[in-house]
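Novice: My structure is below; once you've seen it, I'll send some questions.
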Amino acid sequence: MGLALFSILLALVIFLALFAAYLLARILKIYARARRLETMRSYETILYAALRKLSPHKTLETLIPDPDREALEEVLLRMGDEGSEGIKEKVIELYGLAGFRERRIRELRSRRKGRRSDAARRLGRIGDPDCVGELRALLEDSREEVREAALFALGRIGTRQALEAMLDGLEEGGRWSQEKIAEAVEEAGDGSRVILRELLASDDPRRRAFAAEVMGGVGGEEDTPLLEDALADESVDVRARAAASLGRMARPSSVPALEAALDDPAWEVRAQAAKALGVMRAGGSAPRLAQALRDPEWWVRNNAAAALREIGEEGEAPLVETLWDEDRFARETAAQALEESGAVERMVRGLEGDEGERASAERVIRRLAEIGCVGTVAQAFSDLPAGQLKDTMRRLLEETESLELRRVLDEHARDGDDVGEGVKPFGSLADAGEEEGRG
Amino acid sequence: MSPYHFLAYLAIAYYIALYSVHFALLLVGYRVALRWKYAGYIEEAHRLSRSALVPPVTIAVDTEALGDDAIQWVDRALSHRFPQLEVLVLCGDPDEPRVDLLVKAYYLRRVDRVFKRVLDSPRPDRVYQSDDRRLTLVVAEGSRRGALLNLALNLARYPLFGVADRGSFLAEDALLRMVRPFMEAEASAPAVMGVEIPLEMEGDDLLPPRRITRFSLMESLRFQLGYLLGAPFLGGPAVMHGAFVLYRKEDLVSAGGFAPSPSVQEAEMDMTLRLHRLMREARRRYRFVFLPQLVDRRDFPCAWREHVRDEGERWKGMRAAFSRHADMFLRRRYGWLGMAHLPAFWLFVHVAPAVGFASTLLTLLFFFLGLVGWKVLAFFLAAFALYPALVGALTVVAARRELGILGGQGALLYGYAFMTQLWFRQLSSLAAYISGFR
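In the order they appear, the protein sequences are chains A and B.
The first sequence begins at 337 in the numbering used here and counts up by one.
The second sequence begins at 863 in the numbering used here and counts up by one.
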């Protein structure tokens, strides 16, 4: 019994001692962190003021002769992140003078992947162009996180050599590498266009495809013909990305080339060309896009319909005419585009308009009912307030043989809401079904 | 050695093996968390928001999973910072009041949507769409959740497909962080998810106000950080389900779509195994991804009954998924998954509550009948309760270090983690096991 009590008390004492040690460690940690922050703040004040007037060597020698190394490096990295004009080069020089550069380059060859990756990120944050060679070697590292850190660092350095090193890694990387390179290219601005042009003329289709895609974001007027030429490239990927980029650049001069791309044998190119014409709101291409509604590939039809919808009024007429097309897919895609664009609701309101407008609206609504695309029509009818327009619409819909419309009419008649004068409630749904069956 | 001793030692060995696996997975998870940290996920997320190369995402959600405020859910999803996304709200009940609510709130227009039917799915009765086509509401009467997900896959316009469930709200920049594994080339990512915490947590530092929610959070963190995080690096996980999971549409279609299950959770569990099968049979290099970062907040159980119901559903889903893919058990073709994960899951998760109940009962009985001594009982209790409690406390250490959450309630937090494993998990899993069989 005594032994058991002693054991319990001993366990309690050990537990309390451990808990006290834990609390003490936490207090010390918080204290150290506060001291570090204080030091960093003072270094930051000194460096921002001194580097504008003094050389990095003088600053280090006279103002921070015996620095807290970790705090100083962190401050320099933060200054590198900000990349303040005028002192960026001095920060890089100071980083080297303080010995951080050599240490981190040494760590790039460390056995520990965490250390390699951390060193690469630090060198990237400082943006020292002299480290490109070492970082380029890291792109062949066996660990993914280290390669990514190298990509990040090269992207942050952003010089031509850095971009070329990143492009060398393009063959190995996936979408993520492309993203990092594209980001670096975009940040490099006008200077990067020359590299993109060179890439577009490269023998490697992956490089050409990459250039075709990124050019859409940074390319200028003079790059448009190059992309138009790329629409005839032997690689489908290059052609498709060039079409998408031309859409992003939205130069009217590219419209004929994109219209021609609608006849491309690869559906990916046709789909991107249709989409691009929609982004450009190329009204003159509406008839050509209407033809694309009969394309055998769903994505092309979908993008062509979306493009016609984007184009607006000029795109509406070909969509309406396609409702009478022999191809069922073309008809239904056109109907969907008309519904999505709000054209069907406009036509319902058009039933109140002049004779021409009314006739046109009646024709389209009847046709939509015939082909079974009645979703928007049914909703528009249900939403209409009681009145002449609703009665006109009801008469029109009663002439159609759509089961769904009959159901809607039936529900309204049953609810007894707003049945206008002289308008008889519609027959029951069962009757309608029998009629259908007989028909 | 008497047969009583033999049985008691067997039970002790079972528990030591079980919690050693938990402990080992927790350590692997910790290493994995460091790996993601090196990959710089957080600091690069904001850059992706401006990129044209980020693959667009379709988010599918059932009306019942929208939570109490459907409008707020949709608003937050649509305003999430991401270059291109669409939201598909699915409804199997035409009388669901939230349908009208959404139609009116977003001025949705009924359209006759033409879509490519790549999977077997129910026919939509009604499709509503917003003017900018970012929000689509689909009504398909009487369809089960899994079948509705297949319909959503048919309607989805984008290459990535997210499934939201249980009223989850995405954390800031969650999608930007989740798409990155799909863009990386090292290994194909069939599915990506991340850490989820309760909606009720006012701050990341504080525990949720209700006691059951706290216990439930502790158990959930153990599963997330102690299993889902590390298992992908060991050929797993056997099940992957959550309030928000992101998939590649192409993989889902190749895997034959979701099973037409009554719950999204069950469909997701089944999909995990379908994706493993697809990748293994196509000999593709792949790895499921669980990000050690806060991805969403969801409804956690507030009462014992709710917790048991949730656990029971999980049990049912797991049983259904495992029985559908029984041919993967102990097959070398499916690598670590078939040879280790699935058998271990069956032994240590599927039958664990029954084994736990029987072994506790028998050991106590043997002790009170004087068939085994107090040393055996002490060993058993240490293996059965103390060891898992220690693992639970380590999970909290991991959560604080890896996720930077729950930093504000030191001792109380460890107390909850300890107690969760000491009794809550044992009792609730037994109750759920029984309810799962009902």
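Positions of the beta carbon are idealized from the N, C-alpha and C atoms, including for glycine.
Nothing here was measured: the structure is a model prediction, and the numbers come from that model.
#1: Where does the unbroken alpha helix (DSSP H) through B/Pro1060 begin, and where does it stop?
#2: Where do the N-terminal and C-terminal ends of the alpha helix (DSSP H) with B/Gln934 fall, by residue?
#3: Just confirm the distance between the C-beta atoms of A/Thr736 and A/Arg702, as a whole number of angstroms; I'd bet it's less than 8 Å.
#4: Under the DSSP definition of a beta bridge, which residues are partnered with B/Ser810?
#5: Grab the span of the alpha helix (DSSP H) containing A/Gly338 for me, first residue to last.
#6: Taking only runs of the alpha helix (DSSP H) that begin and end inside the segment 547-633 of chain A, which ones reach a length of at least 4 residues, in chain order?
#7: Taking Cβ positions only, does B/Met1141 come closer than 7 Å to chain A?
#8: Nearest to A/Val572 by CA position, among A/Arg461, A/Asp559 and A/Ala548, is which residue?
#9: If you measure between the beta carbons of A/Arg492 and A/Gly463, is that distance less than 7 Å?
#10: The alpha helix (DSSP H) spanning A/Leu725 covers which residue range?
#11: Under the DSSP definition of a beta bridge, which residues are partnered with B/Thr920?
#12: Of all Cβ atoms in chain B, is any one closer than 7 Å to the Cβ of A/Trp660?
#13: If we ignore side chains and look at the alpha-carbon of each, how far apart do B/Asp987 and A/Pro632 end up?
#14: If we require 3 or more residues per run, which beta strand (DSSP E) segments fall completely within the segment 1092-1140 of chain B?
#15: Can you tell which of A/Arg685, A/Ile428, A/Glu706 and A/Ala576 has the C-alpha that lies nearest to the C-alpha of A/Gly697?
#16: Please compile the residues from chain B whose C-beta is within a distance smaller than 7 Å of the C-beta of A/Arg743.
#17: Under the assumption that B/Val1157 contacts B/Gly1056 (Cβ atoms under 8 Å), give the Cβ distance between them as a whole number of angstroms.
#18: For B/Glu1175, return the contacting residues in chain A, with the cut-off set at a CB-CB distance below 9 Å.
#19: As a quick exercise: from A/Ala368, A/Ser420 and A/Leu364, pick the residue whose alpha carbon is nearest that of A/Leu329.
#20: Helix, strand or coil: which one does DSSP assign to B/Ser1050?
#21: Cβ of B/Met1045 less than 7 Å from any chain C Cβ?
#22: Taking Cβ positions only, does A/Arg511 come closer than 7 Å to chain B?
#23: Distance check for A/Asp417 and A/Glu410, CA to CA, integer angstroms please.
#24: Can you check whether the C-beta of A/Cys467 is within less than 7 Å of a C-beta belonging to chain B?
#25: Give a yes or no on contact between the segment 1067-1075 of chain B and the segment 1107-1120 of chain B, applying the rule of three or more CB pairs nearer than 8 Å.
#26: Return the CA-CA distance between A/Met376 and A/Leu408, expressed in angstroms with no decimal places.
#27: With B/Thr998 as the anchor, note down where its beta strand (DSSP E) starts and where it stops.
#28: Got a sec: is the Cβ-Cβ distance from B/Arg1110 to anything in chain A below 7 Å?
#29: Between B/Arg1287 and B/Thr925, what straight-line distance do the alpha-carbon atoms span, to the nearest angstrom?
#30: I want to verify the contact list: residues of chain A whose CB lies under 7 Å from the CB of B/Gln991, in sequence order.
#31: Could you confirm whether any beta carbon from chain A is found closer than 7 Å to the beta carbon of B/Arg1149?
#32: So A/Glu649 contacts chain B; which residues on that side make the cut at Cβ distance below 8 Å?
#33: Report the option in A/Glu740, A/Ala586, A/Glu676 and A/Leu532 whose CA atom is closest to the CA atom of A/Leu644.
#34: B/Asp974 and A/Ala671: beta carbons closer than 7 Å?
#35: Is there a C-beta anywhere in chain A that falls below 7 Å from the one on B/Asp982?
#36: Let me know the secondary structure DSSP gives B/Cys1164 once reduced to three states.
Specialist: Per the coordinate set shown:
#1: From DSSP, B/Pro1060 is part of no alpha helix (DSSP H) but of the beta strand (DSSP E) over Ala1053 to Pro1060.
#2: Ala932 to Leu940
#3: 6 Å
#4: Residue 810 of chain B is absent from the model: chain B starts at 863 and stops at 1300.
#5: Gly338 to Ala386
#6: Runs found: 560-566, 572-585, 591-597, 603-615 and 622-628.
#7: no
#8: A/Ala548
#9: yes
#10: Gln724 to Glu734
#11: Answer is B/Glu948 and B/Phe1023.
#12: no
#13: 26 Å
#14: 1106-1110
#15: Just to set this straight, residue 697 of chain A is Ala in the shown sequence, not Gly. A/Ala697 has its Cα closest to that of A/Arg685, out of A/Arg685, A/Ile428, A/Glu706 and A/Ala576.
#16: Ordered by position in chain B, no residue passes the 7 Å Cβ test against A/Arg743, which lies about 11 Å from the chain.
#17: Contact holds; Cβ gap of about 3 Å.
#18: Chain A residues near B/Glu1175: none, gap ~35 Å exceeds 9 Å.
#19: Missing from the structure shown is residue 329 of chain A; chain A here goes from 337 to 775 and no further.
#20: Of the three classes helix, strand and coil, the one that applies to B/Ser1050 here is strand, per DSSP.
#21: Looking for chain C here will not work: the only protein chains present are A and B.
#22: In terms of beta-carbon proximity, A/Arg511 lines the interface with chain B, with at least one pair separated by less than 7 Å.
#23: Looking at the two C-alpha atoms, the distance is approximately 10 Å.
#24: Under the Cβ criterion of 7 Å, A/Cys467 is not counted among the residues facing chain B.
#25: Three or more Cβ pairs closer than 8 Å define a contact, and the segment 1067-1075 of chain B falls short of that threshold against the segment 1107-1120 of chain B.
#26: 7 Å
#27: Per DSSP, B/Thr998 belongs to the beta strand (DSSP E) from Leu997 to Val1001.
#28: It does not; no Cβ of chain A falls within 7 Å.
#29: 31 Å
#30: Glu676
#31: no
#32: Chain-ordered listing is empty here: chain B has no CB closer than 8 Å to the CB of A/Glu649, the nearest sitting near 17 Å.
#33: If we check each option's Cα against that of A/Leu644, A/Glu676 comes out closest.
#34: yes
#35: No, its Cβ sits nowhere closer than 7 Å to a Cβ of chain A.
#36: coil
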